[in-house]
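In what follows, a single structure is set out as structure tokens and then discussed.
In full-length UniProt numbering, the protein residues as written are 1 to 540.
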């Protein structure tokens, strides 16, 4: 080959490579763009897509030993409740056992038995473990190699010998003993008569010792009055290296009236009397909204409503998130002693010790476990015009969220959310409850998303997701056919718009970060593990 032809070939090769370089860059940029868009709607994002939830929310994204590593709660107590009505919880606790220190199965109640009305009271512990429950409890209570975990090879990748030899510590099993249907008289009788206190304690301790539990969690509407009982049980339990936990209601913040202040004083009194005794205190920081929604006037300004507006009437309720972040923050700061609490006056003013000093001296901040909900609520709703004074029924105003959206298009989802937010700001209508809501769990979420391509949005105050959909009302909420005009709705069952709030992996991460940032040692208590998908547990 001549020198000239060799030179021409090199030039031709250089031109070919130069021409292909921009194409390669374009391909790389396009691939990165696709990855970023996928992450924007990924399972851990603020806006998980419908397809991501359906395909990944109940599948493990971490494998082997990494399943048991804590993302947020390292060095803090993590408790999880399980219940017979959500049986998947037992399986999930064992699958993610490295993320839990304590598990609380809801197996037992303590009931009062009387031979005759007004007769002598006897205390009977009801509920028991099945053989499957017993085997599960026994497995949790001993340390185990990751390589020996039941069912591991069905889903995990092959582990190195070091990973297989990683040992997971025991998980304490402290069942809940609930005092349901007790009257104030029943409680007073048990607390004021020593023989009754002994009989109650004996009945409970017999079950704990025979079953081999690591202690108990006691729950009662009047636990604030049970210092004597908790003290007595704690002494019996600690003699055998067992623990006792107590469940307490949360503090109420925001609008504080006399009733709220009274409730807060009861909670703080419980902290003072039970905090030094119990091993941990579970504060139920969930159900801020609950199945009955929130009072309309607590959420929206009613002063500008026209005279006669149905929204100004007493009893109007509006849907909302389970747990506003600001409410969780307030409970952490107030119960940890770093913020003044409505209703706290004089509660801790003993021996010249204020709230902060008391909490610090008795190590109470280390015992606090703040509740984290693994469920939300779905509400049947209608929309009222805020500018109308009409009293005639619920206007059929479409919801701001589209009931069908382009699930796999990130840009289309963003545009739909922006449009829905704009509608919320500009349109003068508000969602109100037609009936009380129901719990909305992982099973409900997946079931709805299989048949609805609804737009998934984010509630900023709670960092919970929400969506709108249409479904047939349950039989109990259907109108009486006798009261309807003949042929109404062609004889078909009535349907309703629904708005459902639910936690995502992003929600759980935000709540755990809030606890970690505001308290140096507080832990969390999850209710109830069986209501969750694996994506929520991966976030712990």
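Cβ coordinates follow ideal geometry from the N, Cα and C atoms, glycine included. Here the structure is a predicted model, which means the values were calculated and not measured.
> Do residue 499 and residue 431 have their C-beta atoms closer together than 7 Å?
Replying inline: Yes.
> Across which residues does DSSP place residue 398 in a beta bridge pair?
Replying inline: Per DSSP, none; premise fails for residue 398.
>> Whole angstroms are fine: how far does the CA of residue 330 sit from the CA of residue 337?
In response: C-alpha separation (whole angstroms): 11 Å.
> So what's residue 44 in DSSP terms, helix, strand or just coil?
Replying inline: If DSSP states are grouped into helix, strand and coil, residue 44 belongs with coil.
> For residue 228, which three-state DSSP category applies?
Replying inline: The three-state secondary structure of residue 228, taken from DSSP, is helix.
> Alpha carbon to alpha carbon, how far is residue 527 from residue 327?
Replying inline: C-alpha separation (whole angstroms): 17 Å.
>> Within 10 Å of its beta-carbon, does residue 43 have 16 or more other beta-carbons around it, so buried, or fewer, so exposed?
In response: Around the Cβ of residue 43, a 10 Å sphere holds 16 or more other Cβ atoms; the residue is buried.
>> DSSP three-state label for residue 218, please.
In response: Correct three-state label for residue 218: strand.
>> For residue 410 and residue 380, what's the separation of their Cα atoms in angstroms?
In response: Whole-angstrom Cα-Cα distance: 29 Å.
> Helix, strand or coil for residue 435 per DSSP?
Replying inline: Correct three-state label for residue 435: coil.
> Is it a yes or a no for the region 371–388 touching the region 502–510, going by three-plus beta-carbon pairs under 8 Å?
Replying inline: Using a C-beta cut-off of 8 Å, the region 371–388 makes contact with the region 502–510, since at least three inter-stretch Cβ pairs fall below that distance.
> CA-CA distance, residue 229 and residue 447?
Replying inline: Spanning the alpha carbons of residue 229 and residue 447 requires a straight line of approximately 45 Å.
> Looking only at its own chain, which residues have a Cβ that is under 7 Å from the Cβ of residue 205, when we skip the five neighbours before and after it?
Replying inline: 236.
> Could you give the distance in angstroms between the alpha-carbon of residue 137 and the alpha-carbon of residue 486?
Replying inline: Here the alpha carbons of residue 486 and residue 137 stand approximately 59 Å from one another.
>> Am I right that residue 280 and residue 77 are in contact with their C-beta atoms under 8 Å? What's the rounded C-beta distance?
In response: The Cβ separation is near 6 Å, so the contact holds.
>> Give me, in chain order, the residues of the same chain whose beta-carbon lies closer than 8 Å to that of residue 522; leave out the 5 immediate sequence neighbours on both sides.
In response: Only residues of its own chain outside the window of five on either side were considered, and among them 76, 332, 336, 365, 366, 368, 369, 370 and 515 have a CB closer than 8 Å to the CB of residue 522, listed in chain order.
> How long is the line joining the alpha carbons of residue 62 and residue 517, rounded to whole angstroms?
Replying inline: The straight-line gap from Cα to Cα measures roughly 25 Å.
> Pairing CB atoms from the region 210–227 with CB atoms from the region 240–257, are three or more of them under 8 Å?
Replying inline: Output reads yes: the region 240–257 touches the region 210–227.
> Going by the CB atoms, is the gap between residue 110 and residue 96 shorter than 7 Å?
Replying inline: Going by C-beta atoms, residue 96 is not nearer than 7 Å to residue 110.
> Sorted by chain position, which residues of the same chain lie with C-beta nearer than 6 Å to residue 106's C-beta, five sequence neighbours on each side aside?
Replying inline: Here residue 106 has 83 and 176 as same chain residues with Cβ atoms under 6 Å from its own Cβ, once five neighbours each way along the sequence are excluded.
> Looking only at its own chain, which residues have a Cβ that is under 6 Å from the Cβ of residue 58, when we skip the five neighbours before and after it?
Replying inline: Only 533 and 534 meet the Cβ criterion.
> Which of the three DSSP states, helix, strand or coil, is assigned to residue 50?
Replying inline: DSSP places residue 50 in helix when its eight states are reduced to three.
> Buried or exposed: which applies to residue 155, given that a residue is buried once 16 or more other Cβ atoms fall within 10 Å of its Cβ?
Replying inline: With a pLDDT of 49 at residue 155, under the threshold of 50, the predicted position of this residue should be treated as unreliable, though the coordinate-derived value follows. Residue 155 comes out exposed.
> From residue 420 to residue 453, what distance separates their C-alpha atoms?
Replying inline: Near 15 Å, if we compare the C-alpha coordinates of residue 453 and residue 420.
> Expressed to the nearest angstrom, what Euclidean distance is found between the alpha-carbon atoms of residue 460 and residue 121?
Replying inline: The straight-line gap from Cα to Cα measures roughly 51 Å.
> In or out: residue 530 buried (at least 16 other Cβ within 10 Å) or exposed?
Replying inline: With 16 or more other CB atoms across the displayed protein chains lying within 10 angstroms of its CB, residue 530 is buried.
>> Let's see if you can read the secondary structure: which residues bound the beta strand (DSSP E) around residue 246?
In response: That run of the beta strand (DSSP E) goes 243–248.
> Are the beta-carbon atoms belonging to residue 47 and residue 56 less than 7 Å from one another?
Replying inline: No.
> Straight-line CA distance for residue 470 to residue 286?
Replying inline: So the alpha carbons of these two residues sit roughly 26 Å apart.
> Buried or exposed: where does residue 491 fall if 16 or more other Cβ atoms within 10 Å of its Cβ makes it buried?
Replying inline: By the neighbour-count rule (16 or more Cβ atoms within 10 Å), residue 491 is not buried but exposed.
>> Taking the alpha-carbon of residue 363 as reference, which of 274, 313, 303 and 180 has the nearest alpha-carbon?
In response: Answer by Cα proximity: 274.
>> Quick check on DSSP: helix, strand or coil for residue 322?
In response: The DSSP-derived three-state label of residue 322 is coil.
> What's the C-alpha gap between residue 426 and residue 483?
Replying inline: Going by the C-alpha atoms only, they are around 37 Å apart.
> Going straight from the alpha carbon of residue 507 to that of residue 361, what length do you get?
Replying inline: Between residue 507 and residue 361, the C-alpha separation is close to 33 Å.
>> Tell me the DSSP secondary structure of residue 184 in three-state form.
In response: When DSSP states are grouped into helix, strand and coil, residue 184 belongs to the helix group.
> Are residue 192 and residue 65 closer than 7 Å when you measure CB to CB?
Replying inline: Contact flag unset, no.
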